[in-house]
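Notes to accompany the following structure.
In this note's numbering, the protein residues as written are 972 to 1082.
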């Protein structure tokens, strides 16, 4: 719904970046419907099951994973340790993977 007018207004577009896989999915459909699939490279941030399959199928160029399961698991572990009086880190860095056609089979989506 939002991408179609963008494509019409920018017929020379060559890159499209989505910041969440569900949004990227709709954008990829708009690119296909506009007949611009060979012209526009699509990059995603989210890395859900659809995005992994889209990388495999060549619909999108890459995705960057979000890790909701891991983030919650580590958070609950830290909370449990804190309740026990253990010292826990004040900050836990998020781990994200850049998934391309070359490494998609080596990674798993978390949602």
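A virtual CB, placed ideally from N, CA and C, is assigned to each residue, including glycine.
Bear in mind the structure is a predicted one, so any value in this text is a computation, not a measurement.
Query                                                                                                               : Result
Residue 1031 (DSSP reduced to helix, strand or coil)                                                                : coil
Alpha-carbon spacing of residue 1059 relative to residue 1040, whole angstroms                                      : 19 Å
Beta-carbon gap between residue 1015 and residue 1022 smaller than 9 Å                                              : yes
Nearest neighbour of residue 1036, chosen from 1019, 1025 and 1011 [CA to CA]                                       : 1019
Rounded C-alpha distance that separates residue 981 from residue 997                                                : 17 Å
Supposed close pair residue 1026, residue 1038 - CB separation, criterion 8 Å                                       : Actually they do not touch by this definition, with Cβ atoms about 17 Å apart.
For residue 1045, the nearest candidate out of 1063, 1029, 1031 and 1030 (CA to CA)                                 : 1063
Outcome for residue 1047 when other beta-carbon atoms lying within 10 angstroms are tallied against a minimum of 16 : exposed
C-beta atoms of residue 1030 and residue 1008 nearer than 9 Å                                                       : yes
C-beta atoms of residue 1002 and residue 988 nearer than 9 Å                                                        : no
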